[in-house]
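Protein chains in written order, with full-length UniProt numbering: chain A, 1 to 470; chain B, 1 to 470; chain C, 1 to 470.
We put the CB at the ideal spot given by N, CA and C, even for glycine.
What you are looking at is a predicted structure, and each value in this text was computed from that prediction instead of being measured.
Accompanying notes for the structure given below.
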């Protein structure tokens with residue numbers, strides 16, 4: 001029986017109501033901060049800032065733009081790999097990210113950036129954090145790709161951003177854990193949030209759309225666009241909100257190296273796992289990124305260059321094996337259908353990242369960091385002025401558990417909400433098919449008239465036709 | 001009757017002659033400015049500039065590269081959506097942009113950057129402005145996509161850049177209007193220029209190539225590459241030549257927010273306008289960008305974050321409705337064939353941007369901007385030292401009319417020139433077909449042997465067949 | 001007879017062993033430099049550096065990211081043009097680049113960055129140089145595309161990086177030649193290295209895979225992604241390690257102009273060379289980049305804007321004619337099979353760049369550069385304090401010969417090694433086919449059951465098969 005997937009009322013309603021709500025809330029709460037306000041010039045004079053270059057804009061904007069590309073092109077195109085769900089992959093990614101960043105500016109603002117006058121003062125750092133925040137929801141989308149309606153995704157994002165802001169506040173501000181690249185805050189939380197939702201929404205008859213669950217040649221090439229932009233810009237992701245100076249510099253080096261090591265190990269495991277050693281695009285598109293995820297927490301630490309290589313080396317081995325053994329196991333046994341394999345790309349490497357961060361922090365010493373360096377890197381100031389590296393390690397570990405807990409509990413709750421039969425999600429037989437929510441190009445409809453299979457065949461594809469003429 | 005579309009003489013002739021002309025003119029007029037000359041070090045000492053970072057290069061280069069990507073990949077791939085005109089879309093965009101930036105450096109140089117010694121001194125800001133200038137011509141190309149020859153496009157660009165430099169001079173220097181993101185100077189002018197040309201070149205029998213006027217599945221995904229790079233980098237576009245410090249910072253925030261709001265409203269209108277609420281890729285690919293266009297004039301102003309959201313909200317509603325109702329109406333009634341719907345993406349949002357700019361400027365006050373802030377933001381110095389915000393609003397409005405006038409009159413003149421039967425433009429039946437100007441991969445040539453329209457038709461599209469079995 | 005292309009043991013073995021070797025060598029040799037170390041703050045105080053902005057990170061990171069995109073997306077997608085080798089094009093590019101940058105950090109480190117304590121201290125400049133270094137090997141890959149196994153590519157890269165580091169040391173440090181954009185060091189060396197290897201590995205029966213040596217419509221569009229990202233970011237490539245301040249600024253302007261001129265001349269020659277003046281995508285995808293290659297050595301020099309236009313103008317004419325006449329000639333007569341035509345895009349323009357650099361250097365004068373400017377631009381300090389511009393020109397020329405010599409001799413040696421029958425390279429009939437080393441989407445595997453050639457052809461296509469099963 002076909003479900004009612006008509007979203008002509010629900011989607012526009014949700015988009016309009018929420019966008020208008022954003023406008024009202026921004027009107028009440030959001031203002032420019034002193035660096036993006038025309039009074040910056042007075043501020044400069046007051047603070048004796050010698051040059052406009054000291055405006056945080058010039059420290060962070062290039063990194064921001066790289067992160068921005070990762071969110072919209074990176075995540076978006078990585079999800080175009082399905083043969084008939086490329087519109088939904090890149091299109092819905094676009095929709096929920098654009099909504100999420102607005103809601104994130106408010107949620108994170110209330111928790112982190114509320115000024116004495118009750119206003120949220122925003123600058124480029126807020127834009128970066130908003131992008132980070134939606135990344136968690138986009139990861140969650142990866143588990144549900146092709147099985148949910150855009151309305152469900154909007155709900156997933158509304159709650160996802162809310163949960164994110166709270167767990168982020170607990171981990172970064174209350175526990176005072178460091179997580180500049182979000183191994184815990186973004187990847188671990190986002191992955192378990194999405195996996196739990198997918199578990200709640202388990203579809204026993206999903207095999208009915210099995211024929212659409214694969215890729216085609218060109219959709220795999222499209223997905224590589226996403227992979228490469230994520231891979232190339234990940235050093236910016238892990239350094240975007242790191243400390244000015246050596247902090248950003250070191251985060252870039254560590255991430256660059258971890259990612260480089262990830263590529264070789266992914267190719268190795270992918271080849272060894274297949275008959276004739278043939279490579280699998282699924283592994284190349286995903287596991288090569290594990291090093292970036294796993295370096296998110298420790299990116300600013302003095303983990304050393306070879307330490308970064310080791311992190312990338314190990315995380316990609318685990319990630320690739322995850323795609324080979326764990327994903328099928330989870331679907332069969334645990335009833336978790338994970339379309340993009342986020343458990344392998346985000347959950348496990350994210351947890352590794354949290355553990356690496358805890359260990360690296362615990363073993364930090366003045367002999368390596370220098371006295372000032374240690375204080376600056378871990379912000380051992382004010383409330384935590386007398387915290388030691390050892391203790392910091394413990395708090396880092398605690399942060400990891402908070403992230404997991406928020407993912408599991410939050411995912412269960414939101415999954416329950418999304419299970420309601422009101423959201424216009426597709427029937428099992430119509431999953432992974434853009435036909436459900438998109439007007440696909442006319443010409444394809446016209447072909448419905450055709451009845452001659454072989455002809456159609458040749459017509460279908462330029463390549464095919466030509467070859468039969470060579 | 002097939003037209004003569006042989007451009008073997010005309011295209012090479014135009015390219016060669018004009019490139020050689022560029023070399024000669026650059027030899028006579030163009031030199032490095034003091035920041036890109038080896039004497040910069042002496043200049044630094046003279047001016048007591050403490051660091052190389054104060055070289056404008058470091059303020060503007062990251063933004064320049066983002067703008068550069070928008071011009072070549074953004075505009076280029078946005079125009080690959082047609083099923084058989086992707087080569088022409090991205091290829092001719094490449095050709096005319098590469099010519100246009102050279103001609104723009106000269107034209108804008110003569111009007112804005114002429115030094116006492118009669119030389120044009122160029123630096124990174126000139127490169128940005130040259131990219132801006134060709135954007136106007138690329139917008140115009142959008143209206144003519146698939147219906148003109150590359151030779152015609154070179155002519156369109158030669159005159160388009162010339163007209164641009166003049167109207168820009170009038171609007172920015174004589175009227176002293178502000179337009180950092182070019183809502184008026186770039187988008188309004190470019191759109192009306194292109195629409196008028198398309199009106200003059202009206203093709204009554206264009207329906208003969210109707211079967212090629214649509215997209216196919218993968219060409220729509222290619223077009224999303226263009227959309228997303230335009231969307232992501234638009235904050236750089238509207239801030240690239242804004243004031244150092246808070247100016248660039250604020251322009252980024254305003255544009256980022258306007259674009260975010262545009263996405264939700266576009267999805268809403270697109271869904272509500274279709275049976276079953278299915279989304280239309282044409283809207284997603286275009287109307288989501290309206291907020292960036294509409295924020296071009298006011299990007300630097302203290303429009304407030306929620307003000308930016310409102311601008312994005314409204315402009316995308318109008319833009320999406322334009323695609324649904326206006327474009328068909330314009331083609332039928334006004335005889336304007338607008339391939340890419342630039343009237344909806346650039347003309348209307350551009351005009352909105354001009355109006356928003358005028359209103360925001362007119363309502364600017366010292367209480368909001370601060371005394372210095374107001375002066376800096378609107379450059380109330382020298383000649384216009386005693387201009388008030390109110391008066392500025394009037395001049396902004398005047399600028400908008402100048403842009404429209406130049407677009408309409410210039411388009412009519414250039415359209416007349418392009419109507420001459422000497423440019424090798426395609427016959428109505430051969431529009432939107434790369435076969436005319438490109439060596440398309442072998443296999444497809446063989447398809448041309450067929451005379452059977454339907455056959456031809458179906459072969460056109462890779463993804464055709466699938467649907468007939470779903 | 002089909003060859004044994006099973007790489008299930010060899011590829012994983014090479015990847016694992018080499019990655020572990022990297023980890024060990026990095027552990028022994030590589031550390032953070034003073035700008036990426038937590039002790040940066042102490043270093044700042046010692047050196048009286050007023051702001052974190054003076055950290056080289058802020059001078060170079062944006063350029064680094066652009067270069068990074070060129071290496072992975074630019075080179076990668078440029079090599080996706082073949083109809084059935086897109087996976088191999090972008091995938092193997094990814095593999096060897098990720099290995100190459102690690103090996104390059106070590107090799108270049110030992111030659112250029114070895115500290116008194118025997119450690120290689122790395123920062124952002126090292127990352128840029130590592131990317132530059134692998135570019136040489138990726139160019140070489142272009143000549144062998146589709147005809148070698150990934151294991152051979154790993155060997156090609158291991159030796160390629162090693163040779164690169166040595167010739168770079170000789171050219172830049174011993175000869176003290178300038179080559180910021182690597183016309184000689186990167187392009188000339190890489191191209192002759194690859195061409196010689198391809199000559200040694202000559203395949204007389206390659207025509208057996210002729211039907212796979214072309215492109216299809218969408219693979220040509222994919223390749224344009226590579227072309228455009230190379231074209232847009234080339235100014236960053238030629239300026240990334242240029243002098244702070246005017247050096248980087250001027251390098252950007254010169255490269256931007258040379259590339260603009262290249263586009264027009266490429267379109268001209270491409271059109272004039274074809275019946276009916278139809279444009280050839282091969283030329284547009286490649287020869288438009290010749291200007292960037294040819295501007296690599298002289299990018300920092302006072303070559304003047306029109307000089308840059310002339311360089312782009314000439315190099316693209318030669319490059320395009322190369323594709324039309326030289327490539328077929330080389331294959332027939334010289335037995336050099338050059339899949340991507342690197343001789344036209346890198347070898348010839350690279351040599352032109354070296355010559356242009358020598359002439360420009362030789363004709364440099366204090367009247368043009370200013371006394372300080374001349375010294376700074378050519379680093380006439382320490383050992384070469386009393387070198388004149390004339391003499392510098394001679395050393396530049398010498399550098400060009402060193403690059404060519406290393407390419408030819410190195411290529412011959414490595415080609416000999418790669419000729420061994422142990423590397424799992426494909427049979428002549430299986431070249432340019434992803435089937436050999438990749439798990440192509442399921443539907444295609446099933447197609448392999450078929451034995452009927454024509455059928456096979458039709459089945460070659462992912463879309464085809466799946467559809468007939470829906």
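Pair within 9 angstroms by beta-carbon distance, residue i and residue j
i, j, result
"residue 268/A", "residue 15/C", "yes"
"residue 26/B", "residue 305/C", "yes"
"residue 287/A", "residue 101/C", "no"
"residue 93/C", "residue 424/C", "no"
"residue 81/A", "residue 220/A", "yes"
"residue 73/A", "residue 228/B", "yes"
"residue 70/B", "residue 230/B", "yes"
"residue 276/B", "residue 320/B", "no"
Among the options, the one whose alpha carbon lies nearest that of residue i
i, options, result
"residue 138/C", "184/C, 318/C, 96/C and 201/C", "96/C"
"residue 55/B", "210/B, 33/B, 72/B and 218/B", "33/B"
"residue 140/A", "174/A, 315/A, 197/A and 92/A", "197/A"
"residue 208/B", "428/B, 87/B, 216/B and 441/B", "428/B"
"residue 274/A", "440/C, 408/C and 37/C", "440/C"
"residue 317/B", "412/A, 20/A and 4/A", "20/A"
"residue 144/B", "438/B, 432/B, 293/B and 436/B", "432/B"
"residue 324/A", "340/A, 312/A, 309/A and 163/A", "340/A"
Alpha-carbon spacing of residue i relative to residue j, whole angstroms
i, j, result
"residue 190/B", "residue 347/B", "8 angstroms"
"residue 40/C", "residue 75/C", "35 angstroms"
"residue 307/C", "residue 179/B", "33 angstroms"
"residue 302/A", "residue 380/A", "16 angstroms"
"residue 480/C", "residue 223/C", "This structure cannot settle anything about residue 480/C, because the visible part of chain C is limited to 1 through 470."
"residue 124/B", "residue 369/C", "20 angstroms"
"residue 351/B", "residue 193/B", "14 angstroms"
"residue 353/C", "residue 314/C", "11 angstroms"
"residue 356/A", "residue 242/C", "37 angstroms"
"residue 84/A", "residue 419/A", "24 angstroms"
Buried versus exposed, by CB contacts within 10 Å (16 or more), residue i
i, result
"residue 17/A", "exposed"
"residue 278/C", "buried"
"residue 342/B", "buried"
"residue 333/C", "exposed"
"residue 115/C", "exposed"
"residue 195/B", "buried"
"residue 117/C", "exposed"
Proximal chain D residues relative to residue i, where beta-carbon distance stays under 9 angstroms
i, result
"residue 377/C", "No chain D appears in this structure, whose protein chains are A, B and C."
By the 7 angstroms beta-carbon criterion, what residues does the stretch 208-223 of chain B contribute toward chain C? 218 and 222
Contact set between the stretch 59-82 of chain C and chain A, restricted to residues whose Cβ is under 9 angstroms from the partner: Residues of the stretch 59-82 of chain C whose Cβ lies closer than 9 angstroms to any Cβ of chain A, in chain order: 61, 62, 64, 65, 68, 69, 71, 72, 73, 76, 77 and 80.
Identify each residue in the stretch 31-45 of chain A for which the Cβ-Cβ distance to at least one residue of chain B is less than 8 angstroms, and report them in chain order. 31, 32, 35, 36, 37, 38, 39, 40, 41, 42 and 44
Give the residues from the stretch 287-315 of chain C that approach chain B closer than 8 angstroms (Cβ to any Cβ), ordered along the chain. 288, 302, 304, 305, 306, 309, 310 and 313
According to a CB-to-CB cut-off of less than 8 angstroms, which residues of the stretch 114-136 of chain B neighbour chain C? 122, 123, 124 and 127
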